[in-house]
Amino acid sequence: MKAKFFYISIFSLDKLLDDSLTERNLMKHVVHLFFVAWLVALCISPDNAKAQVTFQNLDFESAILSPALPNQYPNLVPISSALPDWTGYLGAEQQTQVEYNALTSGDANIAVLGPTWSTSEPGIIDGNYSVLLEAGAVPSGYTGNASIEQTGTIPANAESMQLKAWVYGNPSDFGISFAGNTLTPILLSSGASYNTYGINIAPYAGQTGSLELSAIFDTQGATWINFDDISFVLTPEPSIVALTAISGLLFGARKWFARR
2 MKAKFFYISI FSLDKLLDDS LTERNLMKHV VHLFFVAWLV ALCISPDNAK
52 AQVTFQNLDF ESAILSPALP NQYPNLVPIS SALPDWTGYL GAEQQTQVEY
102 NALTSGDANI AVLGPTWSTS EPGIIDGNYS VLLEAGAVPS GYTGNASIEQ
152 TGTIPANAES MQLKAWVYGN PSDFGISFAG NTLTPILLSS GASYNTYGIN
202 IAPYAGQTGS LELSAIFDTQ GATWINFDDI SFVLTPEPSI VALTAISGLL
252 FGARKWFARR
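In terms of the numbering used here, the sequence shown opens at residue 2 and continues consecutively.
Written as structure tokens, this is what we have:
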């Protein structure tokens with residue numbers, strides 16, 4: 002299909018450069034070339050760009066959990082049900098279970114807060130589920146970070162990444178990295194129970210790697226990170242509506258030339 006479009010385009014361009022073309026035929030081939038450009042723009046439109054995003058469950062709404070689960074500690078559920086597509090770590094130890102609607106007191110913890118959770122800090126930031134990470138004592142006896150990660154591809158036209166988060170403790174203990182590269186969250190706006198952060202992701206556009214979010218252990222005090230709604234901000238592509246409108250104008254101009 003691409004080869005066919007290329008052949009047609011070259012054919013039209015050759016005709017366009019032909020000095021023997023009449024004014025009417027010239028307009029005909031200009032319109033034809035624009036139509037080919039419109040098809041190419043359609044193929045790279047934002048709707049198609051979204052297909053490049055291989056990261057899944059960035060709003061954490063894919064949890065498969067019973068809302069009737071009690072709010073108590075411990076309240077362990079499989080991570081595959083609570084955080085589909087994500088892998089969890091306490092320190093360097095991969096976790097097969099996470100807490101549901103349960104906090105700890107000094108222990109490292111990964112928790113999913115669901116519909117029956119009642120407080121706002123930490124709380125459900127948006128939708129039905131949000132994630133809470135607590136740095137602290139790891140089950141095997143040492144202190145460490147709490148983190149979740151997922152491997153995927155940054156969209157090729159990504160400018161930045163955004164997320165909503167509530168941070169208890171030192172803001173610098175909110176760790177974000179991609180493919181082992183530390184990313185720096187920048188405060189974009191403040192809300193009643195969470196802030197919105199932006200991260201420059203453009204240097205990694207089109208690359209595949211592990212996206213990791215962490216509550217980093219700090220000897221000076223507790224670190225809790227409650228977050229939700231991770232998204233990528235994409236560079237705008239040519240508007241299909243605008244291109245269609247221009248195409249319509251050119252088509253009208255062609256008909257006008259045909260009557261001359």
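Beta carbons are placed, not taken as given, at the ideal position from N, Cα and C, and that holds for glycine.
The Cβ-Cβ distance between K165 and F233 does not fall below 8 Å. Where A83 is concerned, the enclosing alpha helix (DSSP H) starts and stops at I80 to A83. Your pair A138 and G107 checks out as a contact, with CB atoms roughly 6 Å apart and the cut at 8 Å. No Cβ-Cβ contact shorter than 8 Å links P172 with L235. The residue from G153, L188 and I149 with its alpha-carbon nearest to that of V168 is L188.
DSSP places A138 in the strand class (E or B) of the three-state scheme. Here A69 is exposed: its Cβ has fewer than 16 other Cβ atoms, across all protein chains shown, within 10 Å. About 6 Å separates the beta carbons of E62 and Y130, which is inside the 8 Å limit, making them a contact pair.
Around the beta carbon of A147, a 10 Å sphere encloses 16 or more other beta carbons of the protein chains shown; the residue is thus reported as buried. Under the DSSP assignment, A64 falls outside any beta strand (DSSP E); it carries neither an H nor an E label. Comparing alpha-carbon positions, the option among S141, E94, N76 and G145 lying closest to V113 turns out to be N76. Beta-bridge annotation (DSSP): G210 is paired with G153. Rounded to whole angstroms, T209 and L184 show a C-alpha spacing of 15 Å.
When the beta-carbon positions are compared, P140 and L91 come within less than 8 Å of each other.
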